[in-house]
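Accompanying notes for the structure given below.
2 protein chains.
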Amino acid sequence: MIFSAKLDYAIKALIELARNFESRRLVNLNEICDNQNIPSQFLLQIMSRLKNGGIVESIRGVSGGYILTRYPSKISLKDVILAAEPSVLKNTKQAANKKSSSDIVIENICNQGNEKLIEFFENISLEELLSKTIEKNNITYSI
Amino acid sequence: MIFSAKLDYAIKALIELARNFESRRLVNLNEICDNQNIPSQFLLQIMSRLKNGGIVESIRGVSGGYILTRYPSKISLKDVILAAEPSVLKNTKQAANKKSSSDIVIENICNQGNEKLIEFFENISLEELLSKTIEKNNITYSI
DNA sequence: CTAATACCTTACCTTCCTTATCAGGTTAGA
DNA sequence: TCTAACCTGATAAGGAAGGTAAGGTATTAG
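These protein sequences, in sequence, are chains F and W. Using the numbering used here, read the first sequence as starting at 14 and increasing by one per residue. Using the numbering used here, read the second sequence as starting at 14 and increasing by one per residue.
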C-alpha cells in the first residue's frame with residue numbers, strides 16, 4: 014500500500030494548514046507548494062476536493078487562501094482520504110453482473126480489509142501528524 | 014482497496030486447487046480457467062508466480078497440471094499476496110533522494126497501514142476461503 | 001521415436017488511470 | 001480598475017494493468 018501522489022500532496026498541504034491554524038492565518042496555494050514542493054495546478058484540484066469534503070475553507074481574492082474548517086485534532090486521516098481519494102477505502106468493484114461464489118467471498122475479504130484500514134486511519138489526526146513532523150524537524154536540525 | 018485482477022485470479026485458482034487437494038488430483042490450467050472464467054494465458058503467468066512463491070507445484074507434460082504444495086489450512090492470504098503481487102503489501106516508495114520530514118511521517122503511516130493489512134491477511138487461510146465458497150454454493154443451490 | 005498435451009518464458013500490445021499542465025473565468029482587496 | 005488568488009473544464013504525457021501471441025521445453029501415450 015502506497016499513498017498516491019494526490020493523497021500524499023493532500024496530507025502535506027493539510028499539515029501546512031494545521032501549522033498555521035493556531036494563528037488563524039490564511040495560507041495561499043503558492044506558499045504551500047513552495048514549502049512542500051508540490052505542483053501548484055495539481056494541488057489546486059486537490060484543494061478543491063478537500064473543500065468539497067468540508068475539510069478546508071477557501072477565501073478568494075487578494076490576500077485570500079486556505080484554512081482548516083476545524084481544529085487539527087478534529088480532522089482524521091480517514092476524513093482526508095475520503096475527501097481526496099475516496100476510492101482507496103471503497104470496494105467499487107462490480108465485475109460481472111453475475112457474481113460467482115468466489116467473487117462474493119473475495120469481495121467480502123476486501124471489505125473487511127477496508128474496515129481495518131478505516132479503523133486505523135480514523136485514529137490518526139492532523140494534529141498528530143503535525144506534531145510528528147515537528148519532532149522530525151527538531152531531530153534533523155539538532156545534529 | 015480493491016484486489017487487482019491478478020490477485021483475484023490467483024485466489025480463484027487456488028480455491029480450485031484447494032478443492033482438489035484432498036484427492037491429490039492435478040488440476041490443469043484450462044480446467045481452472047473454465048471453472049473460474051479466467052483468460053488462460055494470463056493465468057499461466059500468475060501460476061508461474063505462485064510456483065516461484067512456493068505455493069503450488071507444477072507437473073509438465075500430458076496429464077500434467079497444478080497442485081498445492083501444502084494443506085490449504087497452511088496457506089494464508091498473505092502468502093498468496095506476497096507471491097502474486099508483492100507490491101500490494103510493500104511500501105516501495107522512495108520519491109526524492111532528499112526526504113522531507115513530512116515525507117517520513119507519511120511513509121511511517123503507510124508502513125503501519127501495511128502492518129495492519131498483513132496481520133489481517135495472515136489470519137485468513139485458503140481452507141477458510143474454500144469453506145466459504147462452499148457455503149455460498151449451498152445457499153445458492155438450495156433456493 | 002514421434003505426436004500430442006500441457007507447462008514455461010518473453011515480448012508485445014492496448015487501454016485506462018494518474019499526474020500533471022493550460023486556458024479562460026470569477027472574486028475581492030488596494 | 002488593476003492585481004492577486006481561487007475556480008473549472010479540457011487536454012496532454014506517462015506508466016501500469018490486463019490481456020495476447022509466439023516460440024520453447026518437458027512428459028507421456030502409442
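Each residue gets a CB set at the ideal place from its N, CA and C atoms; glycine is no exception. Fair warning: this is a prediction, and the values are worked out from it, not measured in the lab.
In terms of residues, what are the limits of the beta strand (DSSP E) holding residue i?
| i | result |
| --- | --- |
| tyrosine 84 of chain W | Looking at the DSSP string, tyrosine 84 of chain W is not in any beta strand (DSSP E), and its letter there is neither H nor E. |
Closer than 7 Å by beta-carbon distance: list the chain F residues that pair up with residue i, in chain order.
| i | result |
| --- | --- |
| isoleucine 28 of chain W | Ser115 |
| aspartate 21 of chain W | Ile119 |
| lysine 25 of chain W | Ser115 |
Mind listing the chain W neighbours of residue i? Cutoff is C-beta to C-beta under 7 Å, in chain order.
| i | result |
| --- | --- |
| threonine 82 of chain F | Within chain W, no residue comes near threonine 82 of chain F; the closest Cβ sits about 21 Å away, beyond 7 Å. |
| glycine 126 of chain F | Met14, Leu130, Phe133 |
By DSSP, does residue i sit in helix, in strand, or in coil?
| i | result |
| --- | --- |
| isoleucine 15 of chain F | coil |
| isoleucine 156 of chain F | Summary for isoleucine 156 of chain F: the model assigns pLDDT 33, below 50, so the residue's position carries little reliability; its value from the coordinates is reported in the next sentence. Coil. |
| alanine 108 of chain W | In this prediction, alanine 108 of chain W has a pLDDT of 49, which is less than 50 and means its spatial position is unreliable; nothing more can be read from the coordinates. |
| serine 138 of chain W | strand |
Who are the neighbours of residue i on chain W, taking C-beta pairs under 9 Å?
| i | result |
| --- | --- |
| leucine 95 of chain F | Simply none; closest approach about 13 Å. |
| lysine 91 of chain F | Here the premise fails: no neighbours, minimum Cβ distance about 11 Å. |
| isoleucine 88 of chain F | Within 9 Å Cβ-Cβ: nothing; isoleucine 88 of chain F doesn't reach chain W, min ~14 Å. |
| isoleucine 72 of chain F | Simply none; closest approach about 24 Å. |
What residue range does the alpha helix (DSSP H) around residue i cover?
| i | result |
| --- | --- |
| serine 114 of chain F | 114-135 |
In chain W, which residues lie with their C-beta within 8 Å of the C-beta of residue i?
| i | result |
| --- | --- |
| asparagine 104 of chain F | Met14, Ile15 |
Which chain F residues are close to residue i, counting only those with a beta carbon under 9 Å from its beta carbon?
| i | result |
| --- | --- |
| valine 101 of chain W | Met14 |
Using a C-beta to C-beta distance shorter than 8 Å, which residues of chain F count as neighbours of residue i?
| i | result |
| --- | --- |
| isoleucine 68 of chain W | In chain order: nothing, as chain F lies at least about 17 Å away. |
Closer than 7 Å, Cβ to Cβ, to anything on chain F: give me those residues from the segment 36-62 of chain W, in chain order. Gln49
Can you list, in chain order, the stretches of the beta strand (DSSP E) that have 3 or more residues and sit fully within the segment 24-103 of chain W? 69-72, 78-81
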